[in-house]
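A.B. asks: If you count by the working numbering, then the sequence shown holds residues 61 to 408, one letter each, in order. Cβ atoms here follow ideal geometry from the backbone N, Cα and C, with glycine treated the same way. After the structure tokens below, expect a handful of questions from me.
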Amino acid sequence: MTRQINVGGVLVGGGAPVTVQSMCDTDTRDVAATLSQIRGLHAAGCEIVRVAVPDTVAADALREIVGGSPVPVVADIHFDYKLAVRAVENGVAKVRVNPGNIGSREKVREIVKACAERKVPIRVGVNGGSVKRELIERHGLWEAMLLSGLEQTEILEDMGFTDICLSFKASNVSDTVAVNRMAAERCGIPLHLGVTEAGTSYNGIIKSSAGIGALLLDGIGDTIRVSLAAPPAEEVRAAIALLKAVGLRKGGVEVVACPTCARRGFDVAAIAREAEARLSDIQAPLKVAVMGCVVNGPGEARDADIGVAGGGGQAVLFCKGEAVRKVAEAEILDVLVAEARKLVGNGL
Numbered sequence: 061m062t063r064q065i066n067v068g069g070v071l072v073g074g075g076a077p078v079t080v081q082s083m084c085d086t087d088t089r090d091v092a093a094t095l096s097q098i099r100g101l102h103a104a105g106c107e108i109v110r111v112a113v114p115d116t117v118a119a120d121a122l123r124e125i126v127g128g129s130p131v132p133v134v135a136d137i138h139f140d141y142k143l144a145v146r147a148v149e150n151g152v153a154k155v156r157v158n159p160g161n162i163g164s165r166e167k168v169r170e171i172v173k174a175c176a177e178r179k180v181p182i183r184v185g186v187n188g189g190s191v192k193r194e195l196i197e198r199h200g201l202w203e204a205m206l207l208s209g210l211e212q213t214e215i216l217e218d219m220g221f222t223d224i225c226l227s228f229k230a231s232n233v234s235d236t237v238a239v240n241r242m243a244a245e246r247c248g249i250p251l252h253l254g255v256t257e258a259g260t261s262y263n264g265i266i267k268s269s270a271g272i273g274a275l276l277l278d279g280i281g282d283t284i285r286v287s288l289a290a291p292p293a294e295e296v297r298a299a300i301a302l303l304k305a306v307g308l309r310k311g312g313v314e315v316v317a318c319p320t321c322a323r324r325g326f327d328v329a330a331i332a333r334e335a336e337a338r339l340s341d342i343q344a345p346l347k348v349a350v351m352g353c354v355v356n357g358p359g360e361a362r363d364a365d366i367g368v369a370g371g372g373g374q375a376v377l378f379c380k381g382e383a384v385r386k387v388a389e390a391e392i393l394d395v396l397v398a399e400a401r402k403l404v405g406n407g408l
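Written as structure tokens, this is what we have:
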């Protein structure tokens, strides 16, 4: 088990539930736009949000952003230690820095002093593309990434600072999984998981699910970000779905649907997508089945809280394993959604 850090009241590591993070793509200097996006991310289920801090104007905007944010705010800092100190003074819950690109030890010490005084953790981030070439040639990428991260944390620990989170990210899934498995064996520092530069929604979700999912199933990882070239809310929804898929998050609607084949009696994909969208506000755990024929459909539908199965112009509505009634094809979606809401309203 890793040690635990406190990110603005959200516990990370030490057996705490795995948390979901994302990063704003707004200009941090635009307070209204940034807060609007943060609130949207919170509504989608985000628990920690990171913002870029490229200059002093952005650093000073953090005071108002932090004051209006419903979730802890992390400052993403590169190169300038003064921005990190200013961000901490303006109330951020965590800073993301790489001590190696901050400069002298005295500059790093100023960050550590500010964070220690306010109990603000530091995330040390190592990306595969930024590791020194000579280190890779000497040790190979995985060991080089690990050594780079541990060297950076050692700088902080030598200054008496241990409130640290580590991340090791590569755009290659295998590299990401391998280095995080090594890190989990060799240190007890909380790990932030992600596959960097994963790509657009489709490819990015697949790569992130493969990499982050493999590690979570190994019991590795304390907080995650599904990094996508897409609106940040998509990252959050994908991360929550991933945590549910590996059994680390409960609640909300799970729609199961049969794969496409010629036996389907109605448009399974369309009904499943629309049912998922129309029931997305439900927080209670609810399993909904949309099955298009009688081969496996009735059995799968019976396993769900609510479901439909059948074809030939109609479907059978199942509730808690019992067939309730037949439904005309044109009414399948409306009936399914209405009965699902009724079930939730009655406490399942």
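1. How many Å lie between Leu288 and Glu203 at the Cα?
2. Can you name, in chain order, every residue of its own chain whose Cβ lies under 6 Å from the Cβ of Leu143, other than the five neighbours on each side?
3. Assign Ser234 to buried or exposed, taking buried as 16 or more other Cβ atoms, counted over all protein chains shown, within 10 Å of its Cβ.
4. If you compare alpha carbons, which of Leu95, Ile98 and Gly105 is closest to Ala298?
5. In chain order, what residues of the same chain lie with their CB nearer than 7 Å to the CB of Val148, ignoring the 5 residues before and after it?
6. Pull up the CB-CB distance for Gly367 and Val348, whole angstroms please, since I reckon it's below 8 Å.
7. Measure the CB-CB distance between Ala270 and Gly264 and report whether it falls below 7 Å.
8. Since Lys267 is in the alpha helix (DSSP H), which residue starts that stretch and which ends it?
9. What are the start and end residues of each continuous alpha helix (DSSP H) run of 4 or more residues lying completely inside the region 338-369, in chain order?
10. Can you tell me which of the three DSSP states Leu195 falls into?
11. Which residues in the same chain as Gln343 place their Cβ atom closer than 7 Å to its Cβ, once the five residues preceding and following it in sequence are excluded?
12. Along the chain, where does the alpha helix (DSSP H) containing Gln212 start, and where does it finish?
13. Would you please state the rounded distance, in angstroms, between the beta carbons of Val152 and Val126? I believe it to be under 8 Å.
14. DSSP three-state call for Lys386: helix, strand or coil?
15. Tell me whether Cys225 sits in a helix, a strand or coil according to DSSP, three-state version.
16. Consult DSSP for Asp115 and reduce its assignment to one of helix, strand or coil.
17. Give me the Cα-Cα distance between Gly23 and Glu245, rounded to the nearest whole angstrom.
18. Checking the sheet assignment: what are the DSSP bridge partners for Val187?
19. Can you name the residues that DSSP bridges to Ile284?
20. If you draw a straight line from the C-alpha of Leu275 to the C-alpha of Gln64, how long is it?
21. What are the boundary residues of the beta strand (DSSP E) that includes Asp136?
22. State the Cα-Cα distance for the pair Val306 and Thr94, rounded to the nearest angstrom.
23. Measuring straight from C-alpha to C-alpha, what distance separates Arg123 and Arg89?
24. How big is the Cα-Cα spacing for Phe221 and Asp87?
25. Quick check on Ala258: does DSSP put it in helix, strand or coil?
26. Whole angstroms are fine: how far does the CA of Asp363 sit from the CA of Val109?
27. For Asn406, count the other beta carbons within 10 Å of its own beta carbon; 16 or more makes it buried, fewer makes it exposed. Which is it?
28. Going by Cα to Cα distance, which pick from Leu206, Arg165 and Glu107 is closest to Glu295?
29. Using the Cα positions of Leu226 and Leu346, report the straight-line distance between them to the nearest angstrom.
30. So is Asn150 buried or exposed if we call it buried at 16+ other beta carbons inside 10 Å?
31. Secondary structure at Ser71, three-state DSSP: helix, strand or coil?
32. Just confirm the distance between the C-beta atoms of Leu207 and Leu216, as a whole number of angstroms; I'd bet it's less than 8 Å.
33. Roughly how many angstroms separate the alpha carbons of Gly200 and Ile272, rounded to a whole number?
C.D. replies: Let me lay it out:
1. 26 Å
2. Val113, Ala119 and Ile137
3. exposed
4. Gly105
5. Val155, Ala174, Cys175, Arg178 and Val180
6. 6 Å
7. no
8. Ser261 to Leu277
9. 357-363
10. helix
11. Gly311 and Gly312
12. Leu201 to Asp218
13. 6 Å
14. strand
15. strand
16. coil
17. This structure gives no information on residue 23, because the portion of the chain shown stretches from 61 to 408.
18. In the sequence under discussion, the amino acid at residue 187 is Asn, which differs from the Val named in the question. Paired residues: Lys229.
19. Val80 and Leu253
20. 19 Å
21. Val133 to Asp136
22. 31 Å
23. 11 Å
24. 31 Å
25. coil
26. 37 Å
27. exposed
28. Glu107
29. 35 Å
30. buried
31. The sequence given here has Leu at residue 71, not Ser. Strand at Leu71.
32. Actually they are not in contact, since the Cβ atoms of Leu207 and Leu216 sit about 15 Å apart, beyond 8 Å.
33. 22 Å
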